[in-house]
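Enquirer: Sharing a structure with you now.
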Amino acid sequence: MSTAQTAKTQYVTAANGTKFAYRRIGASTGIPLVTHIHYRANMDFWDPLFINTLAANRPVIVFDQSGVGRSTGEIPNTFQGWANDLIAFVKALGLAQIDLLGFSMGGCAVQMVALTAPELIRKLIIAGSAASVPTAETVTEIVWPQVQADPKYIINLNDAVTPEEVKYTLEYTFFPEDKIGRDAAEAYWKRVLERNVADEPKNLELVDRDTGAKVQLAAFLEDWIVPNPRNSFDRLGELKMPVLVMNGGESP
Numbered sequence: 001m002s003t004a005q006t007a008k009t010q011y012v013t014a015a016n017g018t019k020f021a022y023r024r025i026g027a028s029t030g031i032p033l034v035t036h037i038h039y040r041a042n043m044d045f046w047d048p049l050f051i052n053t054l055a056a057n058r059p060v061i062v063f064d065q066s067g068v069g070r071s072t073g074e075i076p077n078t079f080q081g082w083a084n085d086l087i088a089f090v091k092a093l094g095l096a097q098i099d100l101l102g103f104s105m106g107g108c109a110v111q112m113v114a115l116t117a118p119e120l121i122r123k124l125i126i127a128g129s130a131a132s133v134p135t136a137e138t139v140t141e142i143v144w145p146q147v148q149a150d151p152k153y154i155i156n157l158n159d160a161v162t163p164e165e166v167k168y169t170l171e172y173t174f175f176p177e178d179k180i181g182r183d184a185a186e187a188y189w190k191r192v193l194e195r196n197v198a199d200e201p202k203n204l205e206l207v208d209r210d211t212g213a214k215v216q217l218a219a220f221l222e223d224w225i226v227p228n229p230r231n232s233f234d235r236l237g238e239l240k241m242p243v244l245v246m247n248g249g250e251s252p
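Quick note: the sequence shown uses the UniProt record's numbering, first residue 1, plus one each step.
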């Protein structure tokens with residue numbers, strides 16, 4: 001059974017023309033769990049412990065979105081665009097139904113996948129993420145507006161360029177600022193470095209700060225947090241599949 005450290009990168013060309021890079025991990029049969037990673041990251045940044053645990057009894061598919069990592073194409077400037085690409089990827093694999101997990105900005109994208117192609121999604125998991133901004137000025141019966149996460153984390157993640165900065169920013173952004181957090185971050189990084197597949201060098205570079213990252217950030221700043229009835233918040237009632245939402249103390 002393949003693991004996050006040993007699975008070979010495969011490629012499939014979707015109807016939209018993008019050649020998607022992906023890996024299958026875990027069991028060969030069953031409904032796969034497809035995972036969409038966070039801002040600026042490619043699939044090499046998934047924690048092998050997390051992915052292998054999910055894949056203990058089922059197939060898991062990790063992939064690079066359009067214009068990221070080993071995939072071709074361009075990064076769309078809306079999460080609807082990200083969703084359209086993910087749907088094209090799933091259809092190119094010939095999958096009739098999947099479970100879908102998105103982390104951070106990936107969590108924004110998977111909401112739009114579930115709203116656009118609900119027939120593809122059996123179960124939806126949204127982690128460290130948030131719905132879009134509502135169009136109504138006053139929203140009753142829920143806590144809104146949200147308490148926004150400290151912008152220092154996204155600023156730090158946005159600025160990282162060198163390998164040392166990348167390692168530091170992932171520790172700073174996703175782990176608590178104490179010894180337990182630092183130790184956990186160091187253990188995570190060691191696991192990421194364990195990947196060893198012949199003729200496949202690790203890709204631990206974040207999406208280019210001055211090109212692709214600007215487009216990714218625009219999807220959030222210029223579309224997701226701008227009132228738009230076609231984004232997720234006003235349409236959450238359309239979701240009929242089971243949805244699990246997981247956020248930490250300092251998540252969005």
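Note that beta-carbon positions come from the ideal geometry of N, C-alpha and C, so glycine has one too.
This one's a predicted model, so the numbers in the text were calculated from it and none came from an experiment.
Let me know if P252 comes out buried or exposed under the rule of 16 or more other beta-carbons within 10 Å of its beta-carbon.
Expert: Residue placement at P252 is poorly supported in this model, since its pLDDT is 48, which falls under 50; the coordinates still yield a value, given next. Under this definition P252 is a buried residue.
Enquirer: Helix, strand or coil: which one does DSSP assign to D178?
Expert: Note: D178 maps to coil in three-state DSSP.
Enquirer: Could you tell me whether the Cβ atoms of A109 and F79 are closer together than 8 Å?
Expert: Cβ distance < 8 Å, so A109 and F79 count as in contact.
Enquirer: Do the stretch 203-211 and the stretch 33-44 touch if we need at least three Cβ pairs shorter than 8 Å?
Expert: Counting Cβ pairs under 8 Å, three or more are found: they touch.
Enquirer: Excluding the five sequence neighbours on either side, which residues of its own chain have a C-beta within less than 8 Å of the C-beta of R23, listed in chain order?
Expert: So the qualifying residues of the chain are S2, A4, A7, K8, T9, Q10, M43, I61, V62, F63.
Enquirer: Decide if M112 is buried, meaning its Cβ has at least 16 other Cβ atoms within 10 Å, or exposed.
Expert: So M112 counts as buried.
Enquirer: Using the Cα positions of I225 and Y172, report the straight-line distance between them to the nearest angstrom.
Expert: The alpha-carbon atoms of I225 and Y172 are separated by roughly 24 Å.
Enquirer: For A59 versus S104, is the C-beta distance shorter than 8 Å?
Expert: The residue asked about is misnamed: residue 59 is Pro in this sequence, not Ala. In this structure, S104 does not lie closer than 8 Å to P59 by Cβ.
Enquirer: Would you kindly report the start and end of the unbroken alpha helix (DSSP H) that includes T116?
Expert: 105-116 is the extent of the alpha helix (DSSP H) around T116.
Enquirer: Taking DSSP as the reference, what is the three-state secondary structure of K8?
Expert: Coil.
Enquirer: Cα separation between P242 and I126?
Expert: Each residue's alpha carbon lies about 11 Å from the other.
Enquirer: Does the stretch 67-76 come close enough to the stretch 92-104 to have 3 or more Cβ pairs within less than 8 Å?
Expert: No contact exists between the stretch 67-76 and the stretch 92-104.
Enquirer: Rounded to whole angstroms, how far is the Cβ of A117 from the Cβ of F233, which I believe are closer than 8 Å?
Expert: So it is not a contact: roughly 19 Å between Cβ atoms.
Enquirer: Would you identify the three-state DSSP class for V166, choosing helix, strand or coil?
Expert: Correct three-state label for V166: helix.
Enquirer: Taking all protein chains shown into account, do 16 or more other C-beta atoms lie within 10 angstroms of the C-beta of L124, making it buried, or fewer, making it exposed?
Expert: Looking at its Cβ environment, which holds 16 or more other Cβ atoms inside 10 Å, L124 is buried.
Enquirer: The alpha helix (DSSP H) with G212 in it runs from where to where?
Expert: Segment 212-219, the alpha helix (DSSP H) holding G212.
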